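Numbering (mature numbering (1 follows the signal peptide of the UniProt record, and there is no 0)), first residue to last: -18 to -1, 1 to 260.
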C-alpha cells in the first residue's frame, strides 16, 4: 500500500482510537439531560468536541422513527436535524419504508460512555439499513430492536441473502446528499458497492470502517458560521476501490495492536463552559 493511502487511513483511524480510550469524563457528559440555551455552537471535531444550543430530532416524522430514545442521544446541530429529515423524506418519496434513526449526539455532545468514539459535536447520525416495513409504535417500544448484519461473519463480503440493490440505492441516496462529508459502512459493504458501481463519483464519500455492518454512519461537514468547528481532511480523491480497501482484510487491520493506557485526549477548552452551563 502506498504511503499516501496508508496515511489517509491512519488520519481517520488514530483519532477515533484515541477518543475511544476509557474516559471518566464521559459519565459527566452523559449525565446532562438538556442542551445549553442560546444559538447553536459547534466546538471541536466529531471525535473530540461538544455542542452548545443543540436541538432534538423528534421521535418520529415523515419517513423516520427514532430508536432507543431513552439514551437521550438524538440531539444535534440544526443542520444535522434538517439533513436527517430531508434524507428520510427523499427516501420515502423513492418508496423506501420508514428509516430507523439511531444515535446522533448527547444534549451537549462530548464523549459517550459506550457505543461511539465520535458523535461528539452534533454532526454525526446513525441510520439503520433495515429495509423491512416498520409499523408506527410508541417510542418506548423501539428501545430493543434486533438488526441483522448485512455482512458475512468473516467480513470478506456481504451476505448475498440479505444485501440487495435497494441497500445500495439507499446508501447512494445518502452519499449524494448536500452537506455530507463522508458516510461510513463496513468494509465488506464498501467492497460490494465497488463491485457494483466502481468508478462512480459518489463512492468517494463512502468510507470503510469497523462495525457498521447493519447501519451507515453519516457525518456532515462544519456548517457555515461555526469558526470553532474542526473538520477532518476530506476523503482522498477517487472512488476508494483500491489498495486502501484491501487493507481492511490484512492481519494489521483484523488484529489491531491495543494502544497503551494513558490520559484521554483533551477536549477543546471551550467545552468546559458548555458542560458547566445551567
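Don't be surprised by glycine CBs; every beta carbon is placed ideally from N, CA and C. It should be emphasised that the depicted structure is a prediction, and the values quoted were computed from it without experimental measurement.
Burial state of residue i, where buried means 16 or more other Cβ atoms lie within 10 Å
{"i": "residue 17", "result": "buried"}
{"i": "residue 47", "result": "buried"}
{"i": "residue 254", "result": "exposed"}
{"i": "residue 89", "result": "buried"}
{"i": "residue 130", "result": "exposed"}
{"i": "residue 251", "result": "exposed"}
{"i": "residue 4", "result": "Bear in mind that a pLDDT of 46 at residue 4, under 50, signals an unreliable position, so the model cannot answer this."}
{"i": "residue 125", "result": "exposed"}
{"i": "residue 6", "result": "exposed"}
{"i": "residue 75", "result": "exposed"}
{"i": "residue 258", "result": "exposed"}
{"i": "residue 263", "result": "This structure leaves residue 263 out entirely; the chain is present only between -18 and 260."}
{"i": "residue 195", "result": "buried"}
{"i": "residue 52", "result": "exposed"}
{"i": "residue 178", "result": "exposed"}
{"i": "residue 13", "result": "exposed"}
Cβ-Cβ distance between residue i and residue j below 8 Å
{"i": "residue 193", "j": "residue 170", "result": "no"}
{"i": "residue 261", "j": "residue 145", "result": "The displayed coordinates of the chain run from -18 to 260. Any statement about residue 261 would go beyond what the structure contains."}
{"i": "residue 92", "j": "residue 202", "result": "no"}
{"i": "residue 109", "j": "residue 84", "result": "yes"}
{"i": "residue 189", "j": "residue 222", "result": "yes"}
{"i": "residue 204", "j": "residue 102", "result": "no"}
{"i": "residue 45", "j": "residue 64", "result": "no"}
{"i": "residue 87", "j": "residue 106", "result": "yes"}
{"i": "residue 165", "j": "residue 200", "result": "yes"}
{"i": "residue 217", "j": "residue 187", "result": "yes"}
{"i": "residue 227", "j": "residue 176", "result": "yes"}
{"i": "residue 94", "j": "residue 10", "result": "no"}
Residues sharing a beta bridge with residue i, DSSP
{"i": "residue 87", "result": "57"}
{"i": "residue 197", "result": "110"}
{"i": "residue 33", "result": "24"}
{"i": "residue 43", "result": "46"}
{"i": "residue 38", "result": "57"}
{"i": "residue 166", "result": "189 and 199"}
{"i": "residue 133", "result": "140"}
{"i": "residue 82", "result": "47"}
Given 8 Å, three or more beta-carbon pairs between the stretch 117 to 127 and the stretch 221 to 238
no
Determine contact between the stretch 18 to 28 and the stretch 206 to 218, defined as no fewer than three beta-carbon pairs at a distance below 8 Å.
yes
Taking 8 Å as the threshold, find out whether the stretch 56 to 68 comes into contact with the stretch 140 to 147 through three or more Cβ pairs.
no
Stretch pair the stretch 47 to 65 + the stretch 30 to 39: three plus CB contacts closer than 8 Å
yes
What are the start and end residues of each continuous alpha helix (DSSP H) run of 4 or more residues lying completely inside the stretch 205 to 233, in chain order?
225 to 228
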